[in-house]
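What follows is a set of notes on a single structure, which appears directly below.
Numbering (the numbering used here), first residue to last: 107 to 303.
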């Protein structure tokens, strides 16, 4: 990594938690310079503008989550274990997710939907990849006889995504970790009752 690339990565890494906690509009240039210890000129010497930095921050955050989930899933041998491992990732990491401002994908989706059109395609792609990853796990489970043959992989993938994001939001706003645990337990019940053979 060149010195310029190291500086860009440093800025992204330091500002990611701020964008996630405060949101795009509330994150000021002084927040960015304070977090990085760099000048305004240095920030804009590495990024075209705030939109460019926000796009790179989102890419960094979504990639980080996807890679962490993938590491956990790929260790599992069966589709059922992969699906449970996916849920366990959120259970094990909920406190970190909540303390860092919530799910960066959901936070970006809310802001992008409202007024950050430049970010919308990237956010949409992240959710598409997430949905596709779940669909693949479910279809593999059907193919190898672990899951019922008549289930809709896409319907369950979308339902699981909505339940996870909604559970994180609910727990974060209520301040009760158990709210998210209830959602995850309900998802496991659904898998046992409706999906598993």
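A virtual CB, placed ideally from N, CA and C, is assigned to each residue, including glycine.
In terms of CA proximity to residue 202, 283 leads the group 294, 283, 290. The criterion of a C-beta distance shorter than 8 Å is not satisfied by residue 195 and residue 218. Contact annotation: the segment 170 to 184 does not touch the segment 138 to 157, with fewer than three C-beta pairs closer than 8 Å. Between the segment 243 to 259 and the segment 224 to 232, the count of Cβ pairs shorter than 8 Å is below three; the stretches do not touch. Secondary structure note for residue 144: it is in no alpha helix (DSSP H), with a DSSP letter that is neither H nor E. With a threshold of 16 other beta carbon atoms within 10 Å, residue 223 falls short and is exposed.
Along the segment 133 to 192, the alpha helix (DSSP H) occurs as fully enclosed runs of 4 or more residues at 135 to 142, 146 to 152, 156 to 180, listed in sequence order. With distances taken between CA atoms, residue 159 lies nearest to 116 out of 190, 273, 116.
In the displayed model, residue 302 falls within a strand according to three-state DSSP. In the three-state scheme derived from DSSP, where H, G and I count as helix and E and B as strand, residue 253 is classed as strand. Minimum Cα-Cα distance from residue 122 among the listed residues 208, 281, 107, 150 corresponds to 208. Take residue 259, set aside five residues on each side of it, and the residues of its chain with a beta-carbon closer than 6 Å to its own are 241, 244, 245, in chain order. If you check the CB distance, residue 200 and residue 286 come in under 8 Å.
Taking every protein chain shown into account, the CB of residue 235 has fewer than 16 other CB atoms within 10 angstroms, so this residue is exposed. By the neighbour-count criterion, in which a residue is buried when 16 or more other Cβ atoms sit within 10 angstroms of its Cβ, residue 131 is exposed. Taking the CA atoms as reference points, residue 299 sits about 45 Å from residue 157. With contacts defined by Cβ atoms closer than 8 Å, residue 275 and residue 212 form a contacting pair.
If you ignore the 5 residues before and after residue 153, its C-beta comes within less than 8 Å of the C-beta of 114, 117, 159, 162, all in its own chain and listed in chain order. Just so you know, the alpha carbons of residue 176 and residue 164 end up roughly 18 Å apart. At the C-beta level, residue 301 and residue 257 come within 8 Å of one another.
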